[in-house]
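Chemist: Can you read through this structure? Questions will come right after.
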Amino acid sequence: ATTVSVASAAGKFKACVVTDTGGINDHSFNASAWAGLQNAAKQDKNITASYLSSTSSASYTPNINKFISQGCGIIVTVGFLMDGATATAANAHPNQKFAIVDDVPNAPKSHGLLALTYDTNQDAFLGGYVAAAMSKTGVVATYGGADIPPVTIYMDGFVAGVRYYDQHMHKHVKVLGWTPSAGNRAKGQFNGKGTFVGNFTDQTAGKTITSGFFADGADIVFPVAGGVGLGSVAAAQQTGKKHSIMWVDSDGCFAEKADCAYFIGSVTKGVTTSVQNAVLAAAKGTFKPGSYVGTLANGGVQFYFDSPTVPASLKATVQTLTKGIESGTISVDPTKYPVG
Amino acid sequence: MTTLAASAAKVRQPLGRTKAIGWFIVVVGLFTMFGMGVGTGTAPHSTLTFTPIDVSHGAPWHLANLTLPTEWTLVLLGAVIVALGAEVLVRRLAKGAMVRVGLMAIVFLVAVLVWASRQPGPSQVPFINVTAILVGSAAITMILIYGSLSGILCERAGVVNIAIEGQFLGGYLVGEMIDSATNNWLLATVGGLVIGALLGWLLAFLAIRYLSDQIIVGVVIVTMFTGLASYFNSWVLTPYPNLNNGNIASNLAIPGLMKIPIIGPTFFDETGFFYLMLVLVGLVSFALFRTRWGLRVRAVGEHPQAAAAVGISVERTRYVNVILGGAVAGVGGVAFAAIQGQFTPSITSGFGYIALAAMIFGRWRPSGAVAACTLFGVSAYLAYNLQSYQVPISTEILLMFPYLITIAVSAGLVGRVRPPAADGIPYSRE
Amino acid sequence: MPSARRLWDRYRSASPITIALLALVLGLVVGAVIIIATTPAILNAWRGTFHSWGAPGHALKVTFDNVGAAYRSIFTGSIVDPPQFWHSVTTGRGWTASLTPLSETLTYAVPLVIASIAVGITFQTGLFNIGANGQAILGGIAGVAVATLVHLPMALHLPLTLLAGIAGGVVGGAIPGLLKAYTGAHEVIVTLMFNYVASYFMLFTLLSTPLQLPNQTNAISRTMPGGTQLAPLFGTSSGLRVNYGIVVALAVTLFAIWLLDRSSIGFEFRMTGANPHAARASGINARRTLVISFLISGGLAGLAGVAWVAGTTHYIDQNFLQGSAGIGFTAITVALLGRNRPIGIVWGSLLFAALEVGGSNMQANTGIPYDLATVIQSAIVIFVATPVLVKEIFRLRALRAESVKVATAGWGS
Amino acid sequence: MRLELRGITKKFGSLTANDHIDLIVEPGQIHCLLGENGAGKSTLMNVLFGLLQADEGEILIDGEPVRLANSGDAVRRGIGMVHQHFMLVPVFSVAENVVLGFEPTRSLDRLDYARARENIRSVSREFGLEVDPDATVESLPIGLQQRVEIIKALSHDAQLLILDEPTAVLTPQEADALMAIMRSLAASGKSILFISHKLKEVRQVSDVITVIRSGRVIGSVPPTASENELAAMMVGREVSLVVQKSAATPREPVLEVRDLVVRDDRGLAVVDGVSLEVHAGEIVALAGVQGNGQTELVEAITGLRHVESGSVVLAGRDITNHSPREILDAGLGHIPEDRQRDGVVLSMSVADNMVLNTPRRAPFARHGTRNLRAVRDHAETLVESFDVRTSSVEAPLSSLSGGNQQKVIVARELSRPLEVLVASQPTRGLDVGSIEYVHREIVRVRDDGHAVLIVSSELDEVMALGDRVAVMFQGRITGIVDPSTSREDVGLLMAGSAPAGTR
Ligand SMILES: Nc1ncnc2c1ncn2[C@@H]1O[C@H](COP(=O)(O)OP(=O)(O)OP(=O)(O)O)[C@@H](O)[C@H]1O
Ligand SMILES: Nc1ncnc2c1ncn2[C@@H]1O[C@H](COP(=O)(O)OP(=O)(O)OP(=O)(O)O)[C@@H](O)[C@H]1O
Ligand SMILES: [Mg+2]
Ligand SMILES: [Mg+2]
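Line order of the protein sequences matches chains R, Y, U and E. According to the working numbering, the first sequence is numbered sequentially starting from 1. According to the working numbering, the second sequence is numbered sequentially starting from 1001. According to the working numbering, the third sequence is numbered sequentially starting from 2001. According to the working numbering, the fourth sequence is numbered sequentially starting from 3001.
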């Protein structure tokens, strides 16, 4: 559905998202955020959704201002890159409601701003565990778009999951693509050395890297690079059903239906739901600024099993692990576990 | 500006360059021997394996792993490189110098791999999968070769085709849509061929009929098509996602041949597009340099007036070749889609231009272009996959290598690239 | 009516300006066709007409509404929104809103002017600089580095920041220049590849101290202190982004005019570009000329980069001049549109900037993706590059020589 | 074959290159077209050869009207052409060039080189035109390249052969050889259309001479007509064909070349130990066949080519391997052999071309900024005093005629402070009118007390201009003789064999 059709439904409350340069179909959080608005619009006929994709970082501010002048009820911005622009706008317009995805502006708390962040290392941990359990070759792999926290937090949790599996099952499943090193995880320092594409668009690189991992023995790969992940799917397709992909950000079997067969599971970030809720709340007038942290506990991050082949026992284990992570008895910090 | 380069080169006496290259090679060799080789820790060893990733069509005959003492292997390889350098210096090779540089590059790459994969060592991967490197890089290489062939077809007839990137994009988009709709790569290929040919025709039409600047038109066709593609992507493909969910083409293994270790998986267990590419390379080289058609094309590209004077229609020849070139690039786009899947606007990520570069320093010959594309393909593959060997180089720097290598090599080709004399120059009878 | 007749004659005489204007018209037509061919609403309307053999009146209306809406918002988004403007004139309020479109257009035009002139200069020397983007990136990095890591009084700091930008670009220009001059490496290959190198280098610097934003592990740089920014012309409070970058662009334009039309070195550039043999025989050092040309071009590209940062975001992040935000190829097309002449380039940049800014507005109002702007831009350039075609379409008289001048020379061969 | 042209008219925009031209060529006839530059000769030939389409008029072959859409048609009709500017692909072999367009092929469209070579050999045998079928054309001397052009025409068994200024680039011997070939061809019944600016040979070889001026036929005359008559018909006024010059009064040597060795692009020592002195107030004319090193010698003197060994001294200053800039500033004036390549920038204005090699000199520029007014004034005075025909000094040089382009160069070089003037092929391709003018200027330079070095493959010119004549053969000076020496002896020197009585 395009904005035109959505917009044509006569609504009074305008929900607006300023996407990053990736645009509304980046197979990543821009898409998820846009989906959130659309769901909200479907749910509450009073809401109309519209988006503006940024041509460059320099167009964040004008885009936000354009939406402010269009009288948007809430303006959703996406990604830490919009941190500055959003914070400034929020301070300048205290009554304007904002929600920013994946970032806590390190700017003075301002009245209308809701920061949405997600402890994705929690569900990544589950992903890592499942990958380790499902791997036939005893090697799994991950790679990222760029060496930045929103990406490495996933890879970090993934490794933690694998190591936890090794420790408790006394196995030696190896992870390629991310070797965590000391760093204050709480402060968002997910240090380590790993494999990166250098951008979030180059699918060809995604495929090259993934087939490389396959060659090095991995049979499950966890790409954390938005659209680049499609390259991993291509690699898996090419080698038949022996290799599979752990999808990221959104439920692969929902977002990338066509490729569902190659997904073993999805490590999701509840951008869509949290944005959707924020918008609905704003429309109802129950919007609360401040910060929201998606966790397994509040369903803000979730692990989906996409593959029917996952044994029930494993599903059960994941349940208990989830409980453990929620209660904090299980740490998602890989450096807490011995290297398998 | 080749003329400018040439006139600049004239003043310089040729020997200087040979010397420089020679010493460069020697230095690299010494570095390999002592920089990487000596003192790599407690008697480490490196292992080469040859099993391909995909054995869906039955594995090739097994080739036992090859385990080498890292230190000595590196010293040996280094020595080989030094020898190459020495040869250049002693025999004052002017022509052969570049060949030696190429050999050096290959040997050095092997050395890097041996060094990176040493065990005990930092690498998470305890071996180098030689076959996988070749198979993996074959994908990128194939795409680039399609592009270079397209460039060669056009420029040999005297028309610069900078629009390859756009033709790739067009072929990819159309191919992917048709495959999504019909699940038939043959139809997709036809579609890509047509769109490529159309874009070729547009270039030809503007450049030949209206004598407008070929480089302008080329660049602009690319920007235009890039814009069009991403417009189309968000305006049409997003609402209708099942126009963009084709599968990737499956490999057609060639029974006997694919069993040959290394060679088999690389060349005989590929998609139809790969074989088509091989055929095209042979066909284009044959047609250009053996046949009457080729003679006439080259005449048109070198000296259109002379061709016209013997009754060859310069316009027709150029139209035909530019459209052919477009078609080849279009098919290249489909091939790309066939191995890469879903379309995204940034999918071709400059491959069209890189192919052009490859064509230039392949000296407008299919063979040269193939070499250049392979060099790029392999180095790109390694740039990404050396990362999991934990080489002590920052990711971003590592990712620069394919481009740096290309620059280095083209710098080595001192003034020796000589485009078809009439390349890029509009032709008018009066 | 003699005056009208004179106008008609001027129109028919197909001066470059006439051609450019007509090209604009044709470009818009192309855009319209694309909208019509791809917008469901319109297609359905026509399908309706087709099935129920009804008069196409409705369909026409729908078409005009949609296309009209699109182009209206391009205009109102990039130049001025008449009602809004009238409102300001009458009430004296809402000036920010009224002037924002123009302000944005000018803001976007600044780096475009500078970068395009950079490219134009190499074209005039018969060289092909596809590396403007990489050079601009280096300029941006260098500028931000000096701005954020050096501490100086503003009077020095801003100029130094801009100089740093230039220096960064010069480095980027020196590489293809020197390589070509001394090894004969083809500048197209080198500049092309260098763009990628520059991008990765940027990512590298953004991810490592000292440039990376402190206690941040994201790919984002420190923010330039106020003293090093190109301040908004009408003050930050005005809410208008148009900034002193305009002055820089103006200075560059004047410099380019001097360089190309008045300076000896510029004369030698043009000579070398037009006929390298004669240039050499006339005692011009081919190497020196092409290196200098590349240095100047790179320096300006670098300036474009730093002016862009210093005038807008004041920091660099991983998306700086990446992908569709890249400026290199746009600069090439603008340079060609402006026939490598400074003034032409200024107009070209304004047009491109307007389409870019208006494009976003169109997307905001109608949902039609802004990429359409790119298509229209390219179409315009194609028509400008093919005056004969324009002439045939509009039945113009013989062209003046200048309007068919060729801008490049193949691989320069 | 009998060729008849009726009312052929060809316009280029406003300019009428051919204006209702009527012409008849009988079988076995050698028919010569005379006319000044731009008279329309080549254009007419291009029309006849199907390269251009006439706006009006018709072409009849053996009485029947034919339409020649392209040169393919022309060739099929038995017309062959040797162009003024060779139509050969430099990187192709002789064989490839000859068969181009009419290639013998084997299966799969493959070229049949064996047969190609055979064709060439047979033609060579039949007409005594030897050439190696496998040599790359660019590696051949001009004379041989032309031979290839002729073979090309004959191998398509042309009945009418068009030769456009074929002798411009030949030695006297080669020229005589060509004349012989032409006669034998004519004898074997082939018709020949022959274009030349050289009245002497025209009168030698042709059966009929038709003079064209500014696109119109002025008239046809028998070869018995005197050279002055012909010249007058061509130019439309009386022209003196002899160079008036007083005896030289040589003074101190200004340009001294010692044991110079220079390699060409392929690394061959094409200038092999040349020593030469040019004194103030004298003209030394360097005679020699194209490709015997004169070009490289001049390039070395002017700093355009690296000197392997030996020295060049200009007015007491050693300028060996100095940059062209330094050498120009040292007072060397240069009229390059290939004027459009090395002498001018066609897209630039006449004014800019007038300061092409002095752009930074005061008053044309100060502190890197050009003084356009000064440049324009300078140009206007020169255009005035050198009588350059141009609409304005701002007009692009491309809009000037060849001769006028040459005048611009001459004016530019002579208006600089000079020690020595080096002029290569100063009158190549120019018509008698222009030649007369250029020669007068060169003599004036000498009389102003400068040293002048003329390089020319034009024997007449050499003998007429030179105060001393140096002959170059295969990179060496084979003799320095007095202009009174017989043409034959000089001719022998040019061919490498030293006749009696020369040093
Ligand atoms: N390719 C061309 N395109 C357009 N005009 C041309 C072209 N070539 C020559 N002309 C025009 O034709 C005129 C004569 O050119 P050309 O060089 O043949 O004269 P010319 O007779 O050789 O002069 P001169 O006798 O002084 O050498 C010039 O004014 C020039 O403008
Ligand atoms: N392609 C062209 N476009 C425009 N004008 C041309 C063209 N070719 C030739 N001319 C002009 O037409 C006239 C006839 O030119 P042509 O080449 O026939 O002269 P020519 O008699 O061969 O002179 P020359 O003795 O120098 O060869 C000249 O003025 C020339 O400049
Ligand atoms: Mg002429
Ligand atoms: Mg002629």
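Every residue gets a Cβ at the ideal spot worked out from N, C-alpha and C, and that includes glycine. Bear in mind that the values here come from a model prediction, so they are computed numbers and not experimental data.
What residues in the segment 3102-3122 of chain E bring their beta carbon closer than 8 Å to a beta carbon of chain Y?
Modeler: From the segment 3102-3122 of chain E, only Phe3102, Glu3103, Thr3105, Leu3108, Asp3109, Arg3110, Leu3111 have a Cβ closer than 8 Å to chain Y.
Chemist: Would Trp2308(U) pass as an interface residue toward chain R - the criterion being a Cβ-Cβ separation below 8 Å?
Modeler: As a working note, residue 2308(U) is residue 308 in the third sequence. By this cut-off, Trp2308(U) is an interface position.
Chemist: Counting only the same chain and skipping the five closest in sequence on each side, list residues whose C-beta sits under 8 Å from that of Ile68(R).
Modeler: Within the first sequence, residue 68(R) is the residue found at index 68, counting from 1. Hits under 8 Å: Ile75, Ala89, His93, Gln96.
Chemist: Can you pull the chain R residues whose beta carbon is under 7 Å from the beta carbon of Leu1399(Y), in chain order?
Modeler: By one-based count along the second sequence, residue 1399(Y) stands at place 399. Under the 7 Å cutoff, chain R gives Gly198.
Chemist: Report the start-end ranges of each beta strand (DSSP E) in the segment 3191-3233 of chain E that is 3 residues or longer and not cut off at the edges.
Modeler: Listed in chain order, they are 3191-3195, 3208-3213, 3216-3221.
Chemist: If we cut at 8 Å on Cβ distances, does Val3075(E) have a partner in chain Y?
Modeler: Looking up residue 3075(E) in the fourth sequence gives position 75. So, interface residue.
Chemist: Is Ile1347(Y) helix, strand or coil when you go by DSSP?
Modeler: Position 347 of the second sequence, counted from the first residue, corresponds to residue 1347(Y). Coil at Ile1347(Y), not helix or strand.
Chemist: For Leu1153(Y) and Gly1294(Y), what's the separation of their Cα atoms in angstroms?
Modeler: On the second sequence, position 153 is the one that residue 1153(Y) refers to. On the second sequence, position 294 is the one that residue 1294(Y) refers to. Those two C-alpha atoms are separated by around 10 Å.
Chemist: Do the CB positions of Gln1167(Y) and His1045(Y) come within less than 8 Å of each other?
Modeler: Here residue 1167(Y) refers to the residue found at position 167 when the second sequence is read from its first residue. Here residue 1045(Y) refers to the residue found at position 45 when the second sequence is read from its first residue. Contact flag unset, no.
Chemist: Rounding to the nearest angstrom, what Cα-Cα distance links Glu3058(E) and Leu3052(E) in this structure?
Modeler: If you number the fourth sequence from 1, residue 3058(E) lands on position 58. If you number the fourth sequence from 1, residue 3052(E) lands on position 52. Those two C-alpha atoms are separated by around 13 Å.
Chemist: Is Asn3070(E) near ligand 6, in the sense that its beta carbon is under 7 Å from a heavy atom of that ligand?
Modeler: This structure lacks ligand 6; the ligands present are ligand 1, ligand 2, ligand 3 and ligand 4.
Chemist: Could you give the residue range of the beta strand (DSSP E) that holds Thr3009(E)?
Modeler: What you label residue 3009(E) is simply residue 9 of the fourth sequence in a count that begins at 1. Note, Thr3009(E): beta strand (DSSP E), 3003-3012.
Chemist: Assign Pro3166(E) to one of three DSSP states: helix, strand, or coil.
Modeler: Translated into positions along the fourth sequence, residue 3166(E) becomes position 166. Reduced to three states, the DSSP call for Pro3166(E) is helix.
Chemist: Under 8 Å, do Gly1227(Y) and Leu1203(Y) count as touching if we go by C-beta distance?
Modeler: Mapped onto the second sequence, residue 1227(Y) falls at position 227. Mapped onto the second sequence, residue 1203(Y) falls at position 203. Against a cut-off of 8 Å, the Cβ pair of Leu1203(Y) and Gly1227(Y) comes out as no contact.
Chemist: Buried or exposed: where does Lys45(R) fall if 16 or more other Cβ atoms within 10 Å of its Cβ makes it buried?
Modeler: Here the question's residue 45(R) lines up with position 45 in the first sequence. Answer is exposed; the Cβ neighbour count stays below 16.
Chemist: What is the residue span of the alpha helix (DSSP H) that Val3289(E) lies within?
Modeler: Walking along the fourth sequence from the start, residue 3289(E) turns up at place 289. Careful: Val3289(E) lies outside any alpha helix (DSSP H) and carries neither H nor E.
Chemist: Near Trp2095(U), which residues of its chain fall below 6 Å by C-beta distance, leaving aside the five closest residues on each side in sequence?
Modeler: Locating residue 2095(U) in the third sequence gives position 95, counting from the first residue. Excluding positions up to five away in sequence, the list reads Ser2088.
Chemist: Taking any Cβ of chain U, which residues in the segment 152-185 of chain R have a Cβ under 7 Å from it, in chain order?
Modeler: So the list is empty, because no residue satisfies the distance condition.
Chemist: Is there a C-beta anywhere in chain E that falls below 8 Å from the one on Thr1291(Y)?
Modeler: For this step, residue 1291(Y) is matched to residue 291 along the second sequence. Output row for Thr1291(Y): interface = yes.
Chemist: Roughly how many whole angstroms lie between the Cα atoms of Ala3054(E) and Asp3207(E)?
Modeler: Position 54 of the fourth sequence, counted from the first residue, corresponds to residue 3054(E). Position 207 of the fourth sequence, counted from the first residue, corresponds to residue 3207(E). Approximately 27 Å between the Cα atoms of the pair.
Chemist: For the candidate residues Ser1379(Y), Arg1290(Y), Val1112(Y), whose alpha-carbon lies nearest to that of Arg3106(E)?
Modeler: Numbered from 1 along the fourth sequence, position 106 holds the residue referred to as residue 3106(E). Checking every option, the nearest Cα to that of Arg3106(E) belongs to Arg1290(Y).
Chemist: Apart from the five residues just before and just after Ser2403(U), which ones in its own chain have a Cβ nearer than 8 Å to its Cβ?
Modeler: Residue numbering aside, residue 2403(U) sits at position 403 when the third sequence is read from its first letter. For Ser2403(U), the predicted model reports a pLDDT of 39, less than 50, meaning its position is unreliable; a value from the coordinates is still stated below. Closer than 8 Å at Cβ, skipping near neighbours: Ala2014, Ser2015, Pro2016, Ile2019, Pro2387.
Chemist: Could you give the residue range of the beta strand (DSSP E) that holds His172(R)?
Modeler: Counting from one through the first sequence, the residue named residue 172(R) turns up at place 172. Element bounds for His172(R): n/a, residue is neither H nor E.
Chemist: Determine, for Ile2316(U), whether the minimum Cβ-Cβ distance to residues of chain E falls below 8 Å.
Modeler: Taking the third sequence and counting its residues from 1, the one referred to as residue 2316(U) is at position 316. It does not; no Cβ of chain E falls within 8 Å.
Chemist: Using a Cβ-Cβ cut-off of less than 9 Å, give me the residues of the segment 3087-3100 of chain E that come near chain Y, in sequence order.
Modeler: Within the segment 3087-3100 of chain E, the qualifying residues are Met3087, Leu3088, Val3089, Pro3090, Val3091, Phe3092, Glu3096, Asn3097, Val3099, Leu3100.
Chemist: Cutting at 8 Å between CB atoms, please list the residues of its own chain near Ala133(R), excluding the five before and the five after it.
Modeler: Locating residue 133(R) in the first sequence gives position 133, counting from the first residue. The residues are Tyr165, Met169, Leu314, Thr317.
Chemist: Would you mind reading off the limits of the beta strand (DSSP E) that contains Cys16(R)?
Modeler: In the first sequence, the residue the question calls residue 16(R) occupies position 16. Run containing Cys16(R): 13-19, per the beta strand (DSSP E) assignment.
Chemist: Report the start-end ranges of each alpha helix (DSSP H) in the segment 1321-1369 of chain Y that is 4 residues or longer and not cut off at the edges.
Modeler: DSSP runs (the alpha helix (DSSP H)) wholly in the segment 1321-1369 of chain Y: 1351-1361.
Chemist: Taking only beta-carbon atoms, is Gly3072(E) less than 8 Å away from chain A?
Modeler: Of the protein chains in this structure, namely R, Y, U and E, none is chain A.
Chemist: Taking just the CA atoms, how far does Ile2345(U) sit from Ala7(R)?
Modeler: Mapped onto the first sequence, residue 7(R) falls at position 7. Mapped onto the third sequence, residue 2345(U) falls at position 345. Residue confidence for Ala7(R) is low, a pLDDT of 41 falling below 50, so the modelled location carries little weight; the figure read from the coordinates is stated next. Going by the C-alpha atoms only, they are around 39 Å apart.
Chemist: Please report the residue range of the alpha helix (DSSP H) in which Pro2082(U) lies.
Modeler: Locating residue 2082(U) in the third sequence gives position 82, counting from the first residue. Its alpha helix (DSSP H) spans residues 2082-2091.
Chemist: Does the beta-carbon of Phe190(R) have 16 or more other beta-carbons within 10 angstroms, so that it is buried, or is it exposed?
Modeler: Within the first sequence, residue 190(R) is the residue found at index 190, counting from 1. By the 10 Å Cβ count, Phe190(R) comes out buried.
Chemist: Straight-line CA distance for Gly229(R) to Asn3070(E)?
Modeler: Counted from its first residue, the first sequence places residue 229(R) at position 229. Counted from its first residue, the fourth sequence places residue 3070(E) at position 70. Between Gly229(R) and Asn3070(E), the C-alpha separation is close to 58 Å.
Chemist: When we look at the beta-carbon of Asn1183(Y) and count the other beta-carbons within 10 Å, is it buried (16 or more) or exposed?
Modeler: For the purposes of this step, residue 1183(Y) is taken as the residue at position 183 of the second sequence. With fewer than 16 Cβ atoms within 10 Å of its Cβ, Asn1183(Y) is classed as exposed.
Chemist: Sort Asp20(R), Gly73(R), Ala146(R) by Cα distance to Ala349(R) and report the nearest one.
Modeler: Residue numbering for chain R in the displayed model covers 1 to 340; residue 349(R) lies beyond these limits and cannot be assessed.
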